[in-house]
Ligand code: GDD
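Residue numbers (our numbering): 375 to 775.
Pasting the structure below:
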């Protein structure tokens with residue numbers, strides 16, 4: 375993979391370096407790429423990428439998706455990576471989770487991949503989280519809460535159990551296995567460029583194709599990213615005092631974390647997890663609030679944003695889903711202690727408008743009166759060996775294939 379390096383511009387906030395969007399020139403640069411004297415390019419050959427991929431686990435959160443799509447996603451993940459499927463798919467009346475498991479087992483008769491599968495609602499998993507005192511992930515019945523972020527946390531812990539240095543997240547409803555393959559290689563290239571153990575790699579899609587009036591169009595931004603990027607940039611502009619447009623991955627569903635960083639972050643529930651990841655990094659390491667992370671602050675945190683060459687095509691889940699997701703994302707920004715009053719007012723007005731709109735559509739949802747988002751604790755509080763022992767001997771839905 376050949377891409378811009380060093381990034382053309384970096385916004386520095388305390389010990390956090392946010393790099394501008396980097397462009398890819400070759401998805402595949404061969405075995406031993408040459409730079410031909412270029413000073414502003416980095417190229418990764420097969421062996422270099424392969425050794426990073428071996429330390430990377432890819433978590434696929436799944437909830438009731440088409441089996442064919444999930445199988446396609448699996449086929450796109452490079453062979454060196456450990457794959458971790460965390461499923462919140464229903465068990466009754468039809469058992470979607472068992473169907474997924476059966477599909478993975480059949481797929482594995484032909485493919486040569488290491489795959490772990492677990493069900494998010496496994497009762498024993500809930501009990502284990504209670505035992506290790508990680509209750510912020512539990513609902514009132516003592517089971518793991520619903521939500522993509524909750525699935526991600528389980529995935530991070532399984533990756534940590536397997537001693538992985540990096541963890542990346544790929545949605546299970548992607549139509550293009552080739553795009554999945556590019557995302558994972560981008561994660562590896564990002565970690566290969568990082569100069570600190572604490573890094574976050576965020577993917578910006580080249581385009582998100584859709585059909586408008588019988589014509590295929592390739593818009594760059596979806597409806598959520600447009601706003602969350604804008605508000606995150608307003609927040610950063612306010613901090614630095616200079617107009618900034620550095621953030622282009624506010625809602626990057628495909629993103630990756632070094633385990634050292636993943637260990638220390640708080641996680642916001644459901645779909646607000648991606649914008650909150652940025653907020654949490656700035657709150658903890660941006661020098662804006664009192665912080666007890668001196669060790670990390672000394673080494674610095676790097677955020678890479680990299681643009682794909684492939685378009686992103688996934689399942690469309692409808693307008694209500696998008697409105698809920700936008701509300702969650704705006705709340706994550708608005709509720710931050712580093713969000714200034716002026717921006718808070720603008721976001722509150724936007725949230726109000728969304729509530730009015732969803733009510734007038736007759737789509738009165740749970741989100742309508744939501745004022746807070748649920749935050750989960752950093753996973754470093756969990757004794758990983760104990761967790762691993764308990765999960766391996768108790769969780770009946772855990773399968774290692
Ligand atoms: N384990 C688990 N648990 N997975 C879930 C859950 C859950 O409760 N809910 C959803 N998922 C899975 C889905 O099956 C899919 O693989 C992935 O999480 C993303 O969910 P979607 O419902 O498909 O989200 P989206 O496509 O609308 O939004 C995606 O893109 C946004 C950016 O445009 C997500 O990745 C968002 O997080 C992202 O902000």
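All C-beta atoms, glycine included, are put in the ideal place defined by N, C-alpha and C.
TODO: Check the DSSP bridge columns for residue 573 and list the partner residues they point to.
DONE: Beta bridge pairing from DSSP links residue 573 with 676.
Task: Identity of the residue in 447, 722, 726, 755 nearest residue 556 by Cα - done: Nearest neighbour of residue 556 by Cα position, chosen from 447, 722, 726, 755, turns out to be 447.
TODO: Evaluate residue 629 with the Cβ neighbour count: other Cβ atoms within 10 Å of its Cβ, from every protein chain shown; 16 or more gives buried, anything less gives exposed.
DONE: Around the CB of residue 629, 16 or more other CB atoms lie within 10 Å, so the residue is classed as buried.
Open item on the list: With a threshold of 8 Å, are at least 3 pairs of Cβ atoms found where one atom belongs to the stretch 391-406 and the other to the stretch 429-438?
Closed with: A contact is defined here as three or more CB-CB pairs under 8 Å, and the stretch 391-406 fails this definition with respect to the stretch 429-438.
- [ ] Go ahead and pull the three-state DSSP assignment for residue 509.
- [x] Collapsing the DSSP output to three states places residue 509 in a helix.
- [ ] Could you pull out every residue in the same chain whose Cβ sits closer than 7 Å to the Cβ of residue 554, ignoring the five residues on either side in sequence?
- [x] Shown here for residue 554: same chain residues with a beta carbon closer than 7 Å to its own, the five before and five after excluded, namely 447, 450, 451, 544, 548 in chain order.
- [ ] Rounded to whole angstroms, what's the CA-CA distance from residue 569 to residue 440? Just pull it up for me.
- [x] CA-CA distance, residue 569 to residue 440, rounds to 39 Å.
TODO: Under 8 Å by Cβ, that's how I've got residue 572 and residue 674 pegged, so tell me the actual separation to the nearest angstrom.
DONE: So it is a contact: roughly 7 Å between Cβ atoms.
Task: DSSP beta-bridge partners of residue 543 - done: Within the DSSP secondary-structure output, residue 543 pairs in a beta bridge with 433, 629.
Open item on the list: Measuring CB atoms only, is the stretch 611-626 touching the stretch 646-660, in the sense that at least three cross pairs come out at less than 8 Å?
Closed with: Yes, the stretch 611-626 touches the stretch 646-660.
Task: Residue from 665, 399, 667 with nearest C-alpha to residue 414 - done: Per the Cα distances, 399.
TODO: Taking only heavy atoms of the ligand GDD into account, decide whether any of them is closer than 7 Å to the Cβ of residue 645.
DONE: Yes.
Task: Member of 680, 592, 563 whose CA lies at the smallest distance from the CA of residue 392 - done: Nearest C-alpha to residue 392: 680.
Task: the stretch 409-428 contacting the stretch 557-564, beta-carbon criterion three pairs below 8 Å - done: Touching, yes, given that three or more Cβ pairs across the two stretches are closer than 8 Å.
Task: Sequence ranges, alpha helix (DSSP H) only - wholly within the stretch 649-723, length at least 4 - done: Positions of the alpha helix (DSSP H) runs, each at least 4 residues long and wholly inside the stretch 649-723, are given as 668-673, 693-708 in order along the chain.
TODO: Pull up the distance between the alpha-carbon of residue 375 and that of residue 552, whole angstroms please.
DONE: CA-to-CA, the gap between residue 375 and residue 552 works out to about 14 Å.
TODO: Indicate the three-state DSSP secondary structure (helix, strand or coil) for residue 466 in the structure shown.
DONE: Residue 466 carries a coil assignment under DSSP once its states are collapsed to helix, strand and coil.
Open item on the list: On the criterion of 16 or more Cβ atoms from any shown chain inside 10 Å, does residue 466 qualify as buried, or is it exposed?
Closed with: Exposed: under 16 other Cβ atoms inside 10 Å.
Open item on the list: Across the stretch 631-641 and the stretch 752-767, are there enough close Cβ pairs to call them in contact, namely three or more that are closer than 8 Å?
Closed with: Cβ pair count under 8 Å is three or more, so yes.
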